[in-house]
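Sequential numbering of the sequence shown, starting at 1, is according to this note's numbering. A short write-up of the structure that comes next.
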Amino acid sequence: MRKFFLILFIFITLPAYANDFSGHEFDYNFIDNPFAGQKMVSDKEFEDAIKQKTPQPREKKKWWWQKDKETPLPPTFDLRLPSETGSLKEVFNIKPVITLGATIVDAKGQTLPSGHYQVSVDDGSMVLSQGQHSKGTLRARLTEDSWSANSIIYARVVDMGEDFVKIIYSNLDVTYEGIARIKK
């Protein structure tokens, strides 16, 4: 225990003697007159130094959406539909989007990975597409169930157990449903 306290005492007292062991003499004249060797600065030199250190305003970058404000948006981006009956026809061209949470197999045996798909119905078959590309088709059958419609055109995915999923597409006139097998 004595050795421990002796070593502790030595380590505590060593930093106290650090200045004594340095062997350097301090310049006390510098401490007494710290600003003795400086020259006077004129107002012009001061203004030049301030201008040099002040950041200059940069030219505003034109982002891609600010380049041509005069050019009108294409009609697909213009969300202000006219208040005529013709705008109702445009609503029927909208394809609803569904989200598949699992990989499915379509009617032709192609696998569709999980993701977002637009749904449309053509000649009794349900077409799943991404953008302009058709990714798969399902056999669609006409049904009378409205599935508690909450909009004019909608699509919905309903789970039918572990092996199958039902995709429902409906507009004002008809309701179609297609069944797809989940790939294991």
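Heads up, the beta-carbon is just placed ideally off N, CA and C, and yes, glycines get one too. Values in this document were obtained by computation on a predicted structure and should not be read as measured data.
{"Asked": "Spatially closest choice to Tyr154 from Asp106, Gly131 and Tyr176, by CA coordinates", "Found": "Tyr176"}
{"Asked": "Segment limits, alpha helix (DSSP H) that includes Glu47", "Found": "Asp43 to Lys53"}
{"Asked": "Sequence-distant residues of its chain with Cβ nearer than 7 Å to Val119 (five each side left out)", "Found": "Lys95, Pro96, Ile98, Met126, Leu128, Ala155, Ile167 and Tyr169"}
{"Asked": "Where Ile10 falls: helix, strand or coil (DSSP)", "Found": "helix"}
{"Asked": "Val158, enclosing beta strand (DSSP E) - first and last residue", "Found": "Tyr154 to Asp159"}
{"Asked": "For Lys39, three-class secondary structure by DSSP", "Found": "coil"}
{"Asked": "Span of the beta strand (DSSP E), counted from its first residue to its last, around Asp122", "Found": "Gly115 to Asp122"}
{"Asked": "Buried versus exposed, by CB contacts within 10 Å (16 or more), Gly136", "Found": "buried"}
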